[in-house]
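Protein chains in written order, with numbering that gives the first Met the number 0: chain A, 0 to 218; chain B, 0 to 269. Beta carbons: idealized from backbone N, C-alpha and C, even for Gly. Small disclaimer: the values here were computed from a predicted structure and weren't measured. Step one of this worksheet: look at the structure below.
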Amino acid sequence: MAIRENFEGDVLKVNELIQELAEMSDSALKKAVESLYQKDVSKAQAIIEEDDKIDQKEMEINEKTILLIAKQQPFAKDLRRLIISLKISSDIERMADHAVNIAKSAIHLGDDHPLSIHSMIAVMAEKAREMSALAIKAFKNEDISLARKLAEMDDEIDEMYGTVVREMLDESASNPQINQYMMQMAFSARFIERYADHITNIGENIFYLVKGETYDLNE
Amino acid sequence: MTTLAKPVVNKQVEKKPMEKNSVFEVTNLNLWYGADQALYDITMNIAENEITAIIGPSGCGKSTFIKTLNRMVEMVPIVKTSGSIKYNEENIFDSGYSVEDLRTKVGMVFQKPNPFPKSIYDNVAYGPRIHGIKKKKDLDIIVEKSLKDAALWEEVKDRLGENAYGLSGGQQQRLCIARCLAIEPDVILMDEPTSALDPISTLKVEELVQNLREKYSIVIVTHNMQQAARISDKTAFFLNGELVEFSDTNHLFSNPDDKRTEDYITGRFG
Chain A
0 MAIRENFEGD VLKVNELIQE LAEMSDSALK KAVESLYQKD VSKAQAIIEE DDKIDQKEME
60 INEKTILLIA KQQPFAKDLR RLIISLKISS DIERMADHAV NIAKSAIHLG DDHPLSIHSM
120 IAVMAEKARE MSALAIKAFK NEDISLARKL AEMDDEIDEM YGTVVREMLD ESASNPQINQ
180 YMMQMAFSAR FIERYADHIT NIGENIFYLV KGETYDLNE
Chain B
0 MTTLAKPVVN KQVEKKPMEK NSVFEVTNLN LWYGADQALY DITMNIAENE ITAIIGPSGC
60 GKSTFIKTLN RMVEMVPIVK TSGSIKYNEE NIFDSGYSVE DLRTKVGMVF QKPNPFPKSI
120 YDNVAYGPRI HGIKKKKDLD IIVEKSLKDA ALWEEVKDRL GENAYGLSGG QQQRLCIARC
180 LAIEPDVILM DEPTSALDPI STLKVEELVQ NLREKYSIVI VTHNMQQAAR ISDKTAFFLN
240 GELVEFSDTN HLFSNPDDKR TEDYITGRFG
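As structure tokens, then:
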């Protein structure tokens with residue numbers, strides 16, 4: 000048996016849990032945006048209820064990781080790997096919270112409003128989901144060139160967010176009776192923008208894991 | 000290819016610290032036991048008032064190395080050395096260099112506590128007496144000060160006349176440290192000083208070692224990586240008689256430069 004085989008097996012299990020957590024958060028974002036476009040309040044409600052499972056999964060990752068740190072007393076890259084597991088799972092849990100916030104926007108707007116959802120929200124969500132898949136791939140393969148790409152994608156999302164907010168501000172000046180709608184559009188765009196920021200944090204953590212130094216991908 | 004972002008400078012794990020004065024300057028040190036070479040071309044400085052930890056797997060030469068610093072290694076008759084070790088700017092291998100003076104200034108504490116079969120008082124007073132201090136009053140001052148510095152005084156002050164063998168293992172080890180301090184060394188060499196102690200005694204000795212740093216320069220050989228990480232300022236990693244890496248402890252344990260160091264401290268070999 001190779002030395003530290005059990006430890007490496009345990010670390011692998013934590014990594015698998017993180018991937019599962021990312022899939023749950025991704026599914027929450029996908030469904031939240033669908034509930035917004037489909038004006039489906041019960042779908043939005045289900046996302047809020049499902050969030051407990053995401054919180055529990057994050058807690059499970061935290062407990063397993065803390066136990067590994069306490070029992071194995073890791074050093075260097077082993078220690079960094081466990082520290083970033085805590086940070087990445089916290090980022091993913093926050094991402095899921097933003098999906099919940101979008102679902103809440105869908106509930107606020109209700110199922111009988113006559114307005115169509117801004118098309119850029121779907122584009123932003125798709126880009127964020129693409130980022131999330133890339134981040135998990137970069138995490139799995141410890142690939143910093145993929146992690147670097149996240150910063151570029153985040154810039155695109157920031158730009159789209161700016162566009163949505165500007166358009167909504169213009170619209171509210173000329174059409175004040177639909178303020179609630181415009182606020183929910185701007186909020187939803189903001190939630191996706193924050194969702195993407197957390198993915199960039201994951202990228203920074205991958206840099207830290209591989210290089211042992213702190214990088215700022217938002218520069 | 001995508002270029003990497005620039006790292007944000009992390010002060011805590013910066014590699015090159017401000018250089019302190021050196022008590023030892025080891026240059027191109029080689030050592031042989033007969034035909035077998037045990038140390039290869041070691042070059043490193045031991046800084047004043049710092050704790051330098053030496054780590055590495057069994058047989059890597061770490062104990063040989065520290066026993067060379069006070070020439071105790073020469074008690075093995077087949078030992079040969081080359082290179083130089085300057086202690087306060089004088090080469091300890093120079094002909095005419097006084098080994099007795101060196102060992103007075105460079106004390107040593109061993110793996111197993113080795114008190115003499117004498118009273119606690121006499122154990123500590125032994126060295127000063129050899130150095131000619133005879134007056135009871137002077138010896139009393141030295142014994143009290145040494146035991147206080149070794150964080151043992153409060154536990155033994157009312158039974159100084161009792162045999163040292165009646166002390167616990169941890170107390171015996173601190174007594175050996177007090178015995179070492181009584182002759183006022185500059186440097187204390189410690190060869191796995193806590194490997195025979197229970198966890199609480201270990202922590203007491205670690206605490207003591209850290210406090211001693213203010214007055215002494217300390218070189219400690221340890222198999223306990225957490226101990227090296229906890230208490231030392233700099234760490235040297237030895238492997239097969241070579242010095243693989245020597246840097247700030249924070250750097251070595253968080254982001255070592257050499258893959259062999261990383262593999263050793265993360266338990267991939269050794």
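Residue-level contact to chain B via CB, residue i, 7 Å cutoff
{"i": "residue 202 of chain A", "result": "no"}
{"i": "residue 3 of chain A", "result": "yes"}
{"i": "residue 77 of chain A", "result": "yes"}
{"i": "residue 72 of chain A", "result": "yes"}
{"i": "residue 211 of chain A", "result": "yes"}
{"i": "residue 0 of chain A", "result": "Here residue 0 of chain A scores only 45 on pLDDT, less than 50, and its place in the model should not be relied on; the value that follows carries that caveat. No, because no Cβ of chain B sits closer than 7 Å to the Cβ of residue 0 of chain A."}
Sequence-distant residues of its chain with Cβ nearer than 6 Å to residue i (five each side left out)
{"i": "residue 178 of chain B", "result": "122, 123"}
{"i": "residue 57 of chain A", "result": "88, 92"}
{"i": "residue 85 of chain B", "result": "24"}
{"i": "residue 137 of chain B", "result": "none"}
{"i": "residue 116 of chain A", "result": "35, 36"}
{"i": "residue 164 of chain A", "result": "185"}
Delimiting residues of the beta strand (DSSP E) encompassing residue i
{"i": "residue 24 of chain B", "result": "21–32"}
{"i": "residue 38 of chain B", "result": "35–46"}
{"i": "residue 189 of chain B", "result": "186–190"}
{"i": "residue 216 of chain B", "result": "216–220"}
{"i": "residue 238 of chain B", "result": "233–238"}
{"i": "residue 108 of chain B", "result": "105–108"}
Beta-carbon proximity list for residue i, same chain, < 8 Å, skipping 5 on both sides
{"i": "residue 268 of chain B", "result": "56, 262"}
{"i": "residue 75 of chain B", "result": "32"}
{"i": "residue 153 of chain A", "result": "130, 195, 196, 198, 199, 216, 217"}
{"i": "residue 173 of chain B", "result": "149, 150, 151, 203, 204, 207"}
{"i": "residue 24 of chain A", "result": "53, 91, 92, 94, 95, 98, 131"}
{"i": "residue 59 of chain B", "result": "237, 238, 239, 240"}
{"i": "residue 253 of chain A", "result": "In the structure displayed, chain A extends from 0 to 218; residue 253 of chain A sits before or after that span and is not available."}
{"i": "residue 145 of chain B", "result": "123, 177, 178, 180, 181"}
{"i": "residue 141 of chain A", "result": "205, 208, 209"}
{"i": "residue 162 of chain A", "result": "119"}
Simplified DSSP assignment, three categories, for residue i
{"i": "residue 186 of chain A", "result": "helix"}
{"i": "residue 82 of chain B", "result": "strand"}
{"i": "residue 52 of chain B", "result": "strand"}
{"i": "residue 89 of chain B", "result": "strand"}
{"i": "residue 281 of chain B", "result": "The shown model of chain B, from 0 to 269, leaves out residue 281 of chain B, and the question about it has no answer."}
{"i": "residue 95 of chain B", "result": "coil"}
{"i": "residue 213 of chain B", "result": "coil"}
{"i": "residue 212 of chain A", "result": "coil"}
{"i": "residue 118 of chain B", "result": "strand"}
{"i": "residue 242 of chain B", "result": "strand"}
{"i": "residue 87 of chain A", "result": "helix"}
{"i": "residue 200 of chain B", "result": "helix"}
{"i": "residue 97 of chain A", "result": "helix"}
{"i": "residue 130 of chain B", "result": "coil"}
{"i": "residue 13 of chain B", "result": "With a pLDDT of 48 at residue 13 of chain B, under the threshold of 50, the modelled position of this residue cannot be trusted; read the value that follows with caution. In this structure, residue 13 of chain B counts as coil in the three-state DSSP scheme."}
{"i": "residue 81 of chain A", "result": "helix"}
{"i": "residue 58 of chain B", "result": "coil"}
{"i": "residue 111 of chain A", "result": "coil"}
Enclosing alpha helix (DSSP H) for residue i [first to last residue]
{"i": "residue 7 of chain A", "result": "4–37"}
{"i": "residue 167 of chain A", "result": "143–173"}
{"i": "residue 122 of chain A", "result": "118–140"}
{"i": "residue 260 of chain B", "result": "258–264"}
{"i": "residue 64 of chain B", "result": "61–68"}
{"i": "residue 54 of chain A", "result": "40–71"}
{"i": "residue 74 of chain B", "result": "From DSSP, residue 74 of chain B is part of no alpha helix (DSSP H); its letter is neither H nor E."}
{"i": "residue 176 of chain A", "result": "No alpha helix (DSSP H) holds residue 176 of chain A; DSSP gives it neither H nor E."}
{"i": "residue 229 of chain B", "result": "224–230"}
CB contact below 7 Å: residue i versus chain A
{"i": "residue 255 of chain B", "result": "yes"}
{"i": "residue 226 of chain B", "result": "no"}
{"i": "residue 264 of chain B", "result": "yes"}
{"i": "residue 244 of chain B", "result": "no"}
{"i": "residue 282 of chain B", "result": "Beyond the ends of chain B as shown, which are 0 and 269, falls residue 282 of chain B; an answer cannot be given."}
{"i": "residue 89 of chain B", "result": "no"}
{"i": "residue 261 of chain B", "result": "yes"}
Cβ-based neighbour list, residue i, same chain, cut-off 7 Å, excluding 5 preceding and 5 following
{"i": "residue 260 of chain B", "result": "236, 243, 244, 251"}
{"i": "residue 77 of chain B", "result": "32, 33"}
{"i": "residue 104 of chain A", "result": "35, 183, 186, 187"}
Residue i at chain C interface by Cβ criterion, 7 Å
{"i": "residue 219 of chain B", "result": "The structure shown contains no chain C; the protein chains it does contain are A and B."}
Within the region 133–197 of chain B, ranges of the beta strand (DSSP E) (whole runs, at least 3 residues) | 186–190
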